[in-house]
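What follows is one structure encoded as structure tokens, with my remarks underneath.
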Amino acid sequence: MFMRDSASVKAIAVITLVFLRVTTVATICGLQFFYNCDDGGIAMDLSRNSTLWV
1 MFMRDSASVK AIAVITLVFL RVTTVATICG LQFFYNCDDG GIAMDLSRNS TLWV
């Protein structure tokens with residue numbers, strides 16, 4: 001019985017780690033720090049958001 005519980009806990013931990021990383025990347029990309037330049041590139045500007053706090 002403990003082996004089955006252990007496997008379940010490992011599966012939940014792996015799923016959580018995957019979703020946590022994806023959520024972190026999506027949150028960073030969803031912030032309005034990135035903008036398109038005139039030359040077609042992408043730049044990052046932390047001064048554009050005056051309500052930023054860490």
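Here the UniProt record's numbering is used: the first residue of the sequence shown is 1, the next is one more, and so on. Backbone N, C-alpha and C fix where the C-beta goes; we use that ideal spot for every residue, glycine too. All values reported here derive from a predicted model rather than from experimental measurement.
- In the DSSP assignment, what are the bridge partners of residue 42? Position 42 of the sequence shown, counting from 1, holds the residue named residue 42. Note: residue 42 sits in a beta bridge opposite 36.
- Message: Using C-beta distances below 8 Å, list every residue in its chain close to residue 14, excluding the 5 sequence neighbours before and after it, in chain order.
- Response: Looking up residue 14 in the sequence shown gives position 14. Excluding residues within five positions, none has a Cβ falling inside 8 Å.
- For residue 17, the three-state DSSP class (helix, strand or coil): Mapped onto the sequence shown, residue 17 falls at position 17. Three-state DSSP puts residue 17 in a helix.
- Query: If you check the beta carbons only, do residue 28 and residue 36 fall under 9 Å apart?
  - Reply: As a working mapping, residue 28 is identified with position 28 in the sequence shown. As a working mapping, residue 36 is identified with position 36 in the sequence shown. Cβ atoms of residue 28 and residue 36: not closer than 9 Å.
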